[in-house]
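S.K.: Would you mind keeping the following structure in view while I ask a few things?
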Amino acid sequence: MTSKDRSDEDGENYQTFQYVQRIKKLNSKQRRKKQTARILESDQPSSSHQNLAEVLQTRRKFLIQTGDWLNQSILWLGNCLRSYPPPIRQILCLALGSFSPIDCHDTLTYPENTAGSFEARKQSQYQLVFLIDVIIPTLKERPKTSELTVTFYDPAFTSKDKANLKELGYIVLDQEPDLACKESTFFYMPHAPKGLYNDLISVNKLIGSANDLNQVILLGNDLKRYQQLMTRKEKEDITALLALDPETLQSYYPPGIAKLDKESGIPFFSDTCLQYFNVVH
Numbered sequence: 029m030t031s032k033d034r035s036d037e038d039g040e041n042y043q044t045f046q047y048v049q050r051i052k053k054l055n056s057k058q059r060r061k062k063q064t065a066r067i068l069e070s071d072q073p074s075s076s077h078q079n080l081a082e083v084l085q086t087r088r089k090f091l092i093q094t095g096d097w098l099n100q101s102i103l104w105l106g107n108c109l110r111s112y113p114p115p116i117r118q119i120l121c122l123a124l125g126s127f128s129p130i131d132c133h134d135t136l137t138y139p140e141n142t143a144g145s146f147e148a149r150k151q152s153q154y155q156l157v158f159l160i161d162v163i164i165p166t167l168k169e170r171p172k173t174s175e176l177t178v179t180f181y182d183p184a185f186t187s188k189d190k191a192n193l194k195e196l197g198y199i200v201l202d203q204e205p206d207l208a209c210k211e212s213t214f215f216y217m218p219h220a221p222k223g224l225y226n227d228l229i230s231v232n233k234l235i236g237s238a239n240d241l242n243q244v245i246l247l248g249n250d251l252k253r254y255q256q257l258m259t260r261k262e263k264e265d266i267t268a269l270l271a272l273d274p275e276t277l278q279s280y281y282p283p284g285i286a287k288l289d290k291e292s293g294i295p296f297f298s299d300t301c302l303q304y305f306n307v308v309h
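Here it is, written out as structure tokens:
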């Protein structure tokens, strides 16, 4: 892994493993749509202390009210994984961003649309609910998956984020994780920097070796779109992604994403899909 600066899709720089979750600035049409989105009770910092469980329950309630989306997603993920027979005993969640609720007594301030801002924090909360309510129970129900390890890493995590995750029984790393897959691993990386996706593929591209793409299961940005939408300059930093054979990549989009984006006003899962490889050794 290197610390070479790269540019993300918004033209802003980051370093490898300096995960910064951003929400793009909205144009006037998008702002109008957002203003009509449903407003949730916890959508502003409160004068009273809010714990994570209360906030996640609010996010969960919204997803249930929006066409029972969580149950639909459980069925969707289970069906997608039927054609992936190996047991999955490890989840590695990267670039989730800071998610712990803040109140008016917190002294932290964040620029609008950056990793710690309210909008980005809300996006991360929805993504965490999906992990807890959909991914983890679905993987635990698969054959030969009696024990499931769930590990998190993001330099953007605050001490409160880390404490909340540990209280939930998850592992929180203090340093960069090894992306090489020694066994089938579920990578949960919604809206991660493109350089991180490139590193994941690059490290595991030696098919038939100890590090094998066939052991990568990814729920994150659609990798095929990087081959189609990037400019020539942007493509210079994602050579491993560009070298992928799209015919070997199985992709499945979650149900009802467009409706969720519209009603929540938060694009927390747009352009996100489940992907795994079927590469013949």
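Residues in the sequence shown are numbered from 29 upward in steps of one, following the working numbering. Glycine included, C-beta positions come from ideal geometry on N, C-alpha and C. Keep in mind the model is a prediction, meaning the values are calculated, not measured.
Using only CA atoms, which one of Ala220, Ala208, Ser230 and Lys261 lies nearest to Gln118?
M.R.: If we check each option's Cα against that of Gln118, Ala208 comes out closest.
S.K.: Buried or exposed, going by whether 16 or more other CB atoms sit within 10 Å of the CB of Gly223?
M.R.: Looking at its Cβ environment, which holds 16 or more other Cβ atoms inside 10 Å, Gly223 is buried.
S.K.: Leaving out five residues before and five after Pro171 in sequence, what residues of the same chain have Cβ atoms less than 8 Å from its Cβ?
M.R.: Result list for Pro171: Pro115, in chain order.
S.K.: Between Lys261, Val244 and Ala148, which has its C-alpha nearest Phe185's C-alpha?
M.R.: Measuring from the Cα of Phe185, the nearest candidate turns out to be Ala148.
S.K.: Below 8 Å on the Cβ atoms is my contact criterion, and I expect Ile294 with Gln85 to pass it. Report the Cβ-Cβ distance as a whole number of Å.
M.R.: Actually they do not touch by this definition, with Cβ atoms about 17 Å apart.
S.K.: So the alpha helix (DSSP H) Ile229 belongs to, where does it begin and stop?
M.R.: Its alpha helix (DSSP H) spans residues Lys222 to Val231.
S.K.: Quick one: what does DSSP say Gly197 is sitting in, helix, strand or coil?
M.R.: Of the three classes helix, strand and coil, the one that applies to Gly197 here is coil, per DSSP.
S.K.: For Leu228, which residues in the same chain have their Cβ closer than 6 Å to its Cβ, ignoring the five residues on either side in sequence?
M.R.: Excluding residues within five positions, the ones whose Cβ falls inside 6 Å are Leu207.
S.K.: So for Glu37, helix, strand or coil by DSSP?
M.R.: Here the model assigns Glu37 a pLDDT of 40, short of 50, so the residue's position is not dependable and the matter cannot be decided.
S.K.: Who are Phe180's beta bridge partners in DSSP?
M.R.: For Phe180, which the question treats as bridged, DSSP gives the partners Cys121 and Val200.
S.K.: Using alpha carbons as the reference points, say which of Leu272, Phe297, Lys89 and Asn107 lies closest to Gln256.
M.R.: The option with the nearest alpha carbon to Gln256 is Leu272.
S.K.: Report back the beta-carbon spacing between Leu246 and Leu105 to the nearest angstrom; my notes put them in contact at under 8 Å.
M.R.: Incorrect: roughly 13 Å between the Cβ atoms, too far for contact.
S.K.: Quick one: is Leu167 buried, meaning 16 or more other Cβ sit within 10 Å of its Cβ, or exposed?
M.R.: It counts as buried.
S.K.: Using a Cβ-Cβ cut-off of 7 Å (strictly less than) and excluding sequence neighbours within five positions of Glu211, which residues of its own chain qualify?
M.R.: Here the set comprises Arg117, Gln118 and Gln243.
S.K.: Nearest to Tyr216 by alpha carbon, out of Asn79, Asp189, Val157 and Thr267?
M.R.: When only C-alpha atoms are compared, the closest one is Val157.
S.K.: Along the chain, where does the beta strand (DSSP E) that runs through Tyr154 open and close?
M.R.: Premise fails: Tyr154 lies in the alpha helix (DSSP H), Phe146 to Phe158, not in any beta strand (DSSP E).
S.K.: Are Gly284 and Gln93 touching if we call contact CB-CB under 9 Å?
M.R.: No, Cβ-Cβ distance for Gly284 and Gln93 is not below 9 Å.
S.K.: For the segment 235 to 301, list the beta strand (DSSP E) runs that are entirely contained and at least 3 residues long, ordered along the chain.
M.R.: Whole beta strand (DSSP E) segments, 3+ residues: 244 to 249 and 277 to 280.
S.K.: Mapping DSSP to helix, strand and coil, what is Phe186?
M.R.: With the sequence shown as reference, residue 186 is identified as Thr, and Phe is not the correct amino acid for it. Three-state DSSP puts Thr186 in coil, outside helix and strand.
S.K.: In terms of alpha-carbon separation, which member of Thr179, Leu109 and Pro221 lies closest to Asp202?
M.R.: Nearest of Thr179, Leu109 and Pro221 to Asp202, Cα basis: Thr179.
S.K.: Taking 9 Å as the cut-off, decide whether the C-beta atoms of Asn226 and Asp299 are in contact.
M.R.: No, the pair does not count as a contact, with Cβ atoms beyond the cut-off.
S.K.: Three-state secondary structure (DSSP) at Phe305?
M.R.: Note: Phe305 maps to strand in three-state DSSP.
S.K.: Would DSSP call Thr86 helix, strand or coil?
M.R.: In this structure, Thr86 counts as helix in the three-state DSSP scheme.
S.K.: Using DSSP with H/G/I as helix, E/B as strand and the rest coil, what is Thr166?
M.R.: DSSP places Thr166 in helix when its eight states are reduced to three.
S.K.: Output the boundary residues of the alpha helix (DSSP H) element that contains Gly12.
M.R.: Because the chain is modelled from 29 through 309, residue 12 falls outside the range shown and cannot be assessed.
S.K.: Would the beta-carbon of Asp299 be found less than 8 Å away from any heavy atom of the ligand PLP?
M.R.: With respect to small molecules bound, the structure shown includes none, and the ligand PLP cannot be examined in it.
S.K.: Can Leu269 and Pro205 be called in contact, C-beta distance under 9 Å?
M.R.: Not in contact: Leu269 and Pro205 (Cβ atoms no closer than 9 Å).
S.K.: Should Gly197 go down as buried or exposed, given a rule of 16 or more other Cβ atoms within 10 Å for buried?
M.R.: By the neighbour-count rule (16 or more Cβ atoms within 10 Å), Gly197 is not buried but exposed.
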